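Q:
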């Protein structure tokens, strides 16, 4: 996809076009473009937020997961909880 086509999609997203948002989220996910996903999520795109959590999880980006959790994302909180489940057999030694 050309830069002009991406810019057109971004403009459509800014105008509230949900189909354009879904397409842009898919493209950003394929490119692993966390910045693009962040912009879409900040404009209210829940699919983008889900994709951000998925990318952060796959890449092991705990800092990003913590930022998402701090922003109130329950999926990020769940992933972090799973990462830090205490081992009941661990006695600290």
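Numbering (the numbering used here), first residue to last: 1167 to 1259.
Idealized CB from N, CA, C, for every residue including glycine.
Since the model is a prediction, treat every value here as computed from it, not as a measurement.
Sort 1240, 1205 and 1209 by Cα distance to residue 1219 and report the nearest one.
A: Minimum Cα distance to residue 1219 is reached at 1240.
Q: What is the DSSP secondary structure of residue 1237, reduced to helix, strand or coil?
A: Coil.
Q: Does DSSP put residue 1250 in a helix, in a strand, or in coil?
A: Residue 1250: coil per DSSP, three-state reduction.
Q: Out of curiosity, what's the CA-to-CA distance linking residue 1206 and residue 1223?
A: C-alpha separation (whole angstroms): 19 Å.
Q: Taking the alpha carbon of residue 1187 as the point to measure from, which residue in 1211, 1226 and 1229 has its own alpha carbon closest?
A: For the residues 1211, 1226 and 1229, the minimum Cα distance to residue 1187 belongs to 1211.
Q: Thinking C-beta only, is residue 1214 closer than 8 Å to residue 1228?
A: Contact flag unset, no.
Q: Can you give me the Cβ contacts of residue 1198 inside the same chain, cut-off strictly under 7 Å, excluding the 5 residues immediately before and after it?
A: Only 1221 meet the Cβ criterion.
Q: Buried or exposed: where does residue 1237 fall if 16 or more other Cβ atoms within 10 Å of its Cβ makes it buried?
A: That one is exposed.
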